[in-house]
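There are 2 protein chains.
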Amino acid sequence: MLALTILGNNSAIPAFDRLPTAQVLQTQEEAYLIDCGEGTQMQMAKYKIRRSKINNIFISHLHGDHFYGLPGVITSMSLMGRTQDLHLYAPAPLEKILELLIEVSGTHLSYRLYFHPLTEEKEIMNDSKLSVTCFRTQHRIECWGFTFREKKNPRKINADKIRSFDIPASYYEQLQKGEDYITKKGTIIRNTEVTLAATAPKSYCYCADTIYDESLVEKAKGVDLLYHETTYLKDNSQKATERFHSTTIQAASIAEKAGVKKLLIGHFSAKYELLDDFLTEATSVFPNTELALQGSCYPI
Amino acid sequence: MLALTILGNNSAIPAFDRLPTAQVLQTQEEAYLIDCGEGTQMQMAKYKIRRSKINNIFISHLHGDHFYGLPGVITSMSLMGRTQDLHLYAPAPLEKILELLIEVSGTHLSYRLYFHPLTEEKEIMNDSKLSVTCFRTQHRIECWGFTFREKKNPRKINADKIRSFDIPASYYEQLQKGEDYITKKGTIIRNTEVTLAATAPKSYCYCADTIYDESLVEKAKGVDLLYHETTYLKDNSQKATERFHSTTIQAASIAEKAGVKKLLIGHFSAKYELLDDFLTEATSVFPNTELALQGSCYPI
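Line order of the protein sequences matches chains A and B.
In terms of numbering that gives the first Met the number 0, the first sequence opens at residue 0 and continues consecutively.
In terms of numbering that gives the first Met the number 0, the second sequence opens at residue 0 and continues consecutively.
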C-alpha cells in the first residue's frame, strides 16, 4: 500500500495559506519525504507525519520553495535525539550548503546524514519495499524527478482455504512468496490452492518543476499516480514556457500520453486564490485528475 | 511611536503552533525585522506586516531557529519585484551562506542587499527615526543583542494656542523643532507658548539568546521595553545554564536590576505546552512582565 500526503502545494511565494512544495509518500512502515519547502516541519506536526518514519529525503532542485524547510527538518531531528541514519538524495551543491549551516550553528547531528548527489538517471534507492529512480526534468536550473516503484507484494493467505490443510504458521511467509508446501507424507499442496494473488505493485512518478516536455511521457508511462506541476492555467502558457513551468492542459496532456491511472496537479502560482479552474481545465483533457490539496492523503 | 509584533516565540523546535523567533519593531513609517525563524514570511502575511516597509533586518546569531526563515524572506521580496535596498545586520558567516543559496538557485535579486557583519559593540544603524546599537550576549555561539532608541521626537503644535497668533503653517516644522517665531514686526513668540512637550523617545532592548549574565543590566538600563528570553521555568536553571539559556527568574532579575519599564519574555522550550507558569514566575520578581504571544502587538 502506498499513499501520498501533500504538505505544501504552492509555487515560489507562499499565499492563501498554501505553502511551498513538500510531499510524503508512505508505505506501512516508512515515510519518504519528497521536496521540503519552508514550513515542512510544521506541516509534518500538523498532519501527524512521524519524523522517525522518515529515513530518505528526495530534493528535486535548489529553488528555495523546494528545500528551504530542509535545514529545519534536519536540525529538529537532531534536537529530538534521532539516532537512525538519514539518507538525502539531492543536487550536489546542497551538500556544501548543509555543511556550512551545520558548521556555523555549532551543531553536532545526533545521527548520521548520508548525502547522495544526483548525477545521472538511474536507480538511487532500493530498500525492502521500494525502488526509486531519478530522471532529469527541464527547468531553469538542474532539476530531477523521481519514480517510486513498489516491489512485488507478497501473495495473500486464503484464510478460508488454509484451514483444511495442516500447514504450520511458520511456513506462511514462504507461501506468501509463492512456494508450494510438501506435507510429511510427501503430498504437494499447490500454492495457488491456499493463497490469493498479490496486490499489484504500485508506482508513483513525481515530475518536480518542469516545462512541457514530452520526454516525460516515457518516464511516467503507465504509473498509478503521476504528479505533474501546473503553475499556471492554460491562458498563461507563454509565461509558463518562459519560466520553465507548465499549465493545466500541458500536465494533463502528459498524463494522457503516458497512460497513467491518475494525475495529481499542484505547484500553483501565488496569483491564483481559487483553484477550481485548475481542475476544470485539466479534467477536460485527462478526466482522472485531482488537485493536490494540503493535508490531503491520496491512496495509490 | 514604537510597537513590537511577535511573529514567533518558541525556541529551537516549533511546537504547539508556536514558531521560532521573529519579531517586527514598527515606527509609523518603517518595520525593522529582528531575527527570522522558519515561517517568518508566512507569519508576516498572516499578521499583515507589509514587507515593503522592511528595509533593515537584524539577525542575532546563526542557530537555525533565528534565521532559517531569512532565505525565504529575501527570495520572496525579489519575486515580488522589490527595488528598495535591503540592509542586513548579522554575524559574518551568514553572508557566505546567502551568497551560496542565491548562486545555486540561479537567482538575481531584484534589489540590492547590503550585508553588514556584526564585529564589535557599536551603533550599527542610524536613520531618521532610530539609532540601533548591537552588543554581545553569552550563548553557545557568537550572539548579539540589539538596542533600538527612538530619536528626539518633534514638539507638538498646541492647536488651541496657535490660532491666536499669525504664524504661517509653513513654519510649523521649525516650531516642532523647538524654534521661536519672530513676527514681521519683530515680536518674538516663544516656542513654549505655542507648542507642547514632545513625547519622550522610546527604547527597546532585544537580548536574543543568552545565559543569565549581569553584564546585560548595563545594556538594558532604563529601557522602555526589554525582551529577555526565558527558555525554561525556574526549576530548570541547571539545564538553562548548561545550554546557555535563561529561566523566568533570571530574566525578571535582569529586568529588575536594569530598572526597565516593562519586560517581555519568550523563546519558550518545546517541552512546555502551557505558558501560564512563565508569567507567574517572572511577575513574582518583576511585576510588569508580559508573555511574548504570537501575533500580539506590544506598544512601547
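Note that CB positions come from ideal geometry on N, CA and C, so glycine has one too.
Computed from a predicted model, the values in this text were never measured in an experiment.
Among the options, which has the Cα closest to the Cα of residue i?
i, options, result
"Ala30 of chain B", "B:Gly36, B:Gln22 and B:Glu37", "B:Gln22"
"Leu3 of chain A", "A:Asp179, A:Thr247, A:Gln25 and A:Pro200", "A:Gln25"
"Glu28 of chain B", "B:Glu280, B:Glu149 and B:Thr106", "B:Glu149"
"Val72 of chain A", "A:Asn54, A:Ser59 and A:His62", "A:Asn54"
"Asp165 of chain A", "A:Tyr211, A:Thr186, A:His60 and A:Lys52", "A:Thr186"
"Lys52 of chain B", "B:Ala291, B:Leu174, B:Arg242 and B:Thr82", "B:Thr82"
"Glu255 of chain B", "B:Thr246, B:Asn287 and B:Leu232", "B:Asn287"
"Glu8 of chain B", "B:Lys220, B:Thr106 and B:Asp208", "Checking the displayed sequence, the identity of residue 8 of chain B turns out to be Asn instead of Glu. Ranking B:Lys220, B:Thr106 and B:Asp208 by Cα distance to Asn8 of chain B puts B:Asp208 first."
"Leu85 of chain B", "B:Arg111, B:Cys133 and B:Ser214", "B:Arg111"
"Ala250 of chain B", "B:Tyr271, B:Leu215 and B:Glu272", "B:Leu215"
"Phe114 of chain A", "A:Met124, A:Gly105, A:Ile156 and A:Gln173", "A:Met124"
"Asn152 of chain A", "A:Glu119, A:Leu32 and A:Ser202", "A:Ser202"
"Ile188 of chain B", "B:Ser236, B:Leu108 and B:Tyr180", "B:Tyr180"
"Met76 of chain B", "B:Met41, B:Tyr88 and B:Gly63", "B:Met41"
"Ser10 of chain B", "B:Lys270, B:Thr279 and B:Asp275", "B:Lys270"
"Arg135 of chain B", "B:Ile58, B:Glu178 and B:Lys160", "B:Ile58"
"Leu273 of chain A", "A:Leu6, A:Ala14, A:Arg162 and A:Ile56", "A:Ala14"
"Ile33 of chain B", "B:His62, B:Gly63, B:Pro70 and B:Tyr88", "B:Tyr88"
"Thr146 of chain B", "B:Ala197, B:Thr132 and B:Phe285", "B:Thr132"
"Phe285 of chain A", "A:Asn235, A:Asp234 and A:Tyr226", "A:Tyr226"
"Asp212 of chain A", "A:Val222, A:Thr240 and A:Leu195", "A:Thr240"
"Gly36 of chain A", "B:Thr74, B:Ile56, B:Pro90 and B:Leu195", "B:Thr74"
"Asp64 of chain B", "B:Cys142, B:Glu119, B:Glu122 and B:Tyr170", "B:Cys142"
"Arg242 of chain A", "A:Leu18, A:Ser268, A:Glu217 and A:Ile253", "A:Ser268"
"Glu102 of chain A", "B:His62, B:Thr198, B:Glu102 and B:Gly221", "B:His62"
"Asp304 of chain A", "A:Asp126, A:Glu120, A:Asp234 and A:Ala197", "Since the displayed chain A opens at 0 and closes at 299, residue 304 of chain A lies outside it and no answer follows."
"Ala199 of chain A", "A:Glu122, A:Gly221 and A:Asp16", "A:Gly221"
"Glu172 of chain A", "A:Lys183, A:Ala197 and A:Glu120", "A:Ala197"
Between residue i and residue j, which are expected to be in contact by the criterion C-beta below 8 Å, what is the C-beta distance as a whole number of angstroms?
i, j, result
"Thr39 of chain B", "His266 of chain B", "15 Å between Cβ atoms; not a contact."
"Ile12 of chain A", "Met79 of chain B", "7 Å"
"Ile140 of chain A", "His60 of chain A", "6 Å"
"Tyr46 of chain B", "Gly294 of chain B", "5 Å"
"Arg154 of chain B", "Leu174 of chain B", "7 Å"
"Leu263 of chain A", "Glu228 of chain A", "At roughly 10 Å, the Cβ-Cβ gap does not stay under 8 Å, so Leu263 of chain A and Glu228 of chain A are not in contact."
"Thr230 of chain A", "Glu280 of chain A", "No, Thr230 of chain A and Glu280 of chain A are not in contact; Cβ-Cβ is about 13 Å, not under 8 Å."
"Ile299 of chain B", "Leu224 of chain B", "5 Å"
"Ala257 of chain A", "Ala291 of chain A", "Going by Cβ atoms, the distance from Ala257 of chain A to Ala291 of chain A rounds to 18 Å, so no, they are not a contact pair."
"Cys206 of chain B", "Gly144 of chain B", "5 Å"
"His138 of chain B", "Ile210 of chain B", "7 Å"
"Val193 of chain B", "Lys238 of chain B", "The pair is not a contact, with the Cβ atoms about 59 Å apart (cut-off 8 Å)."
"Glu94 of chain B", "Pro116 of chain B", "7 Å"
"Asn190 of chain B", "Gly177 of chain B", "6 Å"
"Ile96 of chain A", "Leu100 of chain B", "7 Å"
Using DSSP bridges, identify the partner residues of residue i.
i, result
"Thr194 of chain A", "A:Ile156"
"Cys133 of chain A", "A:Phe145"
"Cys206 of chain A", "BP columns for Cys206 of chain A are empty, so no partner."
"Pro298 of chain B", "B:Ala2"
"Ile181 of chain A", "A:Ile187"
"Thr288 of chain B", "B:Leu262"
"Leu85 of chain B", "B:Leu112"
"Glu122 of chain A", "A:Thr132"
Does residue i have its Cβ less than 7 Å from a Cβ in chain D?
i, result
"Ser75 of chain A", "Looking at the structure shown, chain D is missing, and the protein chains on hand are A and B."
Continuous beta strand (DSSP E) assignments of at least 3 residues falling wholly in the stretch 209 to 286 of chain B: Runs found: 224 to 228 and 261 to 265.
Entirely enclosed beta strand (DSSP E) segments - the stretch 87 to 118 of chain B, minimum 3 residues: Taken in chain order, the unbroken stretches of beta strand (DSSP E) that lie wholly in the stretch 87 to 118 of chain B and span 3 residues or more are 112 to 116.
Complete runs of the beta strand (DSSP E) confined to the stretch 8 to 77 of chain A [at least 3 residues]: Runs of the beta strand (DSSP E) inside the stretch 8 to 77 of chain A: 21 to 25, 30 to 35 and 53 to 57.
Contact list for the stretch 77 to 95 of chain B against chain A, Cβ threshold 9 Å: Residues of the stretch 77 to 95 of chain B with a Cβ closer than 9 Å to any Cβ of chain A, in chain order: Leu78, Met79, Pro90, Pro92, Leu93 and Lys95.
Within 7 Å of chain B by C-beta, residues of the stretch 134 to 166 of chain A in sequence order: Shown in chain order are the members of the stretch 134 to 166 of chain A whose Cβ falls below 7 Å from a Cβ of chain B: Arg139 and Ile140.
Interfacial residues, the stretch 38 to 56 of chain A to chain B, with Cβ spacing under 8 Å: Of all residues in the stretch 38 to 56 of chain A, Gly38, Gln40, Met41 and Ala44 have a Cβ within less than 8 Å of some Cβ in chain B.
Chain A contacts from the stretch 252 to 276 of chain B (Cβ-Cβ distance under 7 Å): Those residues of the stretch 252 to 276 of chain B that come within reach of chain A (Cβ to Cβ, closer than 7 Å) do not exist; the list is empty.
Selection of the stretch 197 to 213 of chain B by Cβ proximity to chain A, strictly under 8 Å: Going along the stretch 197 to 213 of chain B in chain order, one finds no residue with a Cβ nearer than 8 Å to chain A.
Selection of the stretch 100 to 125 of chain B by Cβ proximity to chain A, strictly under 7 Å: Cβ contacts with chain A come from Leu100, Val103, Ser104 and Gly105.
Under 7 Å (Cβ pairs) to chain A, residues found in the stretch 2 to 17 of chain B: Per Cβ criterion, the list reads Ala11, Ile12 and Pro13.
Residues of the stretch 226 to 254 of chain A with Cβ closer than 7 Å to any Cβ of chain B, in chain order: So nothing in the stretch comes that close.
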